[in-house]
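All remarks here apply to the structure that follows.
2 protein chains.
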Amino acid sequence: MAPRKGQQIFQATLELLATRGYEGLTVEGVAERSGVNKTTIYRWWPSKAALLAAALVETDLLAMETPDTGSLRKDLEALVHGMIALLTQPPAADVAVAALGAAVHHPELATAAQHFFADRLARETAVFDRARRRGELRDTADPMLIMDLLAGAVWLRVVFRGLPLDDDFAAAAVAAVLDGVA
Amino acid sequence: MAPRKGQQIFQATLELLATRGYEGLTVEGVAERSGVNKTTIYRWWPSKAALLAAALVETDLLAMETPDTGSLRKDLEALVHGMIALLTQPPAADVAVAALGAAVHHPELATAAQHFFADRLARETAVFDRARRRGELRDTADPMLIMDLLAGAVWLRVVFRGLPLDDDFAAAAVAAVLDGVA
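Protein chains in written order, with full-length UniProt numbering: chain A, 1 to 182; chain R, 1 to 182.
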């Protein structure tokens, strides 16, 4: 749900976040940059945290396509490639890393990060439902755990270790989780 | 390597980081809190980023014991329990989350996070060496990837999803990676 010009508002919100940080993000700044009246923005979102939460989930910039390749392995590899792009390719990476980093420090933003990941998991559910129907998953397998392992590994390698991801990373990470390393 | 009173200096550094954020961390503040002369601190570490990098790796507060239970599964579960404690139990969690969150925004701090994770991986290597000798790991298994999957999942679940970790999380995450979910 968004007013007319929703995408412009979201884009202005995320650009300000990426360039000025969460402290520098203001509804006034978003209004100026998007050409939408401040009171209109406040009518839809009562705070900058609420605006940012909506922007993260609804912006075209971070839009996620749910893969449907016919195999769980290829679907998961496609999802990992998507996460790598999200965290390494500007302008999406500037926004995603700034937003997720800020969520660590600002409790009112934590909800935005939670919505973002919940929304992603809801979209990823189709991958796991199809995999179950094809008999590609153990009955006990937990989709949230699988996505946390894969997305967490990308975050840790890119953001915390600061190491480049080679072309094989997605296939290796998915193979570890699907096939096991033991 | 550290001067006398090294642990007091590190503790003061990490307390200031946790309470005031990276912006509020100053060598002057550390000197005052630890009772060590500012010039002494500067003689060892040329910047607050260098001081923080040393503190993260050398402080007793975040010290890591390398488990040696006799099985890779139990060793990895112990490591995951250690990561969960690191990210959820104060005062270590306040420090670890503040430092890792700040590393996202401050390029000069990224090196501190990289040292922290490289130091951990060096300590974890013994676990994988023993597992290989016992025949518990595939030849192709990559210790860094395994630790990134596990540590990343803890970070994502605790910090980004904001969800509590139940007692079974460590066992479930380790089982997924060792045995595979397919």
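Here a beta-carbon is modelled for each residue, glycine too, at the ideal position from N, C-alpha and C. This one's a predicted model, so the numbers in the text were calculated from it and none came from an experiment.
Reduced DSSP category for residue i - H, G, I as helix; E, B as strand; rest coil
i: residue 129 of chain A; result: helix
i: residue 63 of chain A; result: coil
i: residue 74 of chain R; result: helix
i: residue 182 of chain A; result: coil
i: residue 81 of chain R; result: helix
i: residue 45 of chain R; result: coil
i: residue 141 of chain R; result: coil
i: residue 89 of chain A; result: coil
i: residue 36 of chain R; result: coil
i: residue 135 of chain R; result: coil
i: residue 19 of chain A; result: helix
i: residue 186 of chain A; result: Residue 186 of chain A is absent from the structure shown; chain A starts at 1 and stops at 182.
i: residue 105 of chain A; result: helix
i: residue 69 of chain R; result: coil
i: residue 148 of chain A; result: helix
i: residue 4 of chain A; result: coil
Alpha-carbon spacing of residue i relative to residue j, whole angstroms
i: residue 126 of chain R; j: residue 136 of chain R; result: 13 Å
i: residue 160 of chain A; j: residue 24 of chain A; result: 24 Å
i: residue 20 of chain R; j: residue 101 of chain R; result: 13 Å
i: residue 3 of chain A; j: residue 9 of chain A; result: 9 Å
i: residue 49 of chain R; j: residue 168 of chain R; result: 37 Å
i: residue 57 of chain R; j: residue 87 of chain R; result: 16 Å
i: residue 114 of chain R; j: residue 37 of chain A; result: 44 Å
i: residue 15 of chain A; j: residue 148 of chain R; result: 30 Å
i: residue 34 of chain A; j: residue 22 of chain R; result: 32 Å
i: residue 173 of chain R; j: residue 164 of chain R; result: 14 Å
i: residue 62 of chain R; j: residue 116 of chain R; result: 10 Å
i: residue 151 of chain A; j: residue 7 of chain R; result: 35 Å
i: residue 64 of chain A; j: residue 46 of chain R; result: 44 Å
i: residue 179 of chain A; j: residue 18 of chain A; result: 38 Å
i: residue 55 of chain A; j: residue 72 of chain R; result: 43 Å
Where residue i meets chain A, residues with beta-carbon distance less than 9 Å
i: residue 145 of chain R; result: 153, 157, 169, 172, 173, 176, 181
i: residue 104 of chain R; result: 97, 98, 100, 101, 102, 104, 159, 160
i: residue 75 of chain R; result: None at all; the shortest Cβ gap to chain A is about 12 Å.
Chain-ordered chain R contacts of residue i [CB-CB under 7 Å]
i: residue 10 of chain A; result: Result: empty, since nearest Cβ-Cβ is about 20 Å, beyond 7 Å.
Chain A contact residues for residue i, given Cβ-Cβ distances below 7 Å
i: residue 114 of chain R; result: 161, 162
i: residue 110 of chain R; result: 162
i: residue 127 of chain R; result: Here the premise fails: no neighbours, minimum Cβ distance about 13 Å.
i: residue 148 of chain R; result: 153, 156, 157
Chain R contacts from the region 132-143 of chain A (Cβ-Cβ distance under 9 Å): Cβ contacts with chain R come from 136, 137, 138, 140, 141, 142.
Looking at C-beta atoms only, is the number of pairs between the region 64-80 of chain R and the region 35-52 of chain R that lie closer than 8 Å three or more? With the cut-off at 8 Å, the region 64-80 of chain R and the region 35-52 of chain R do not touch.
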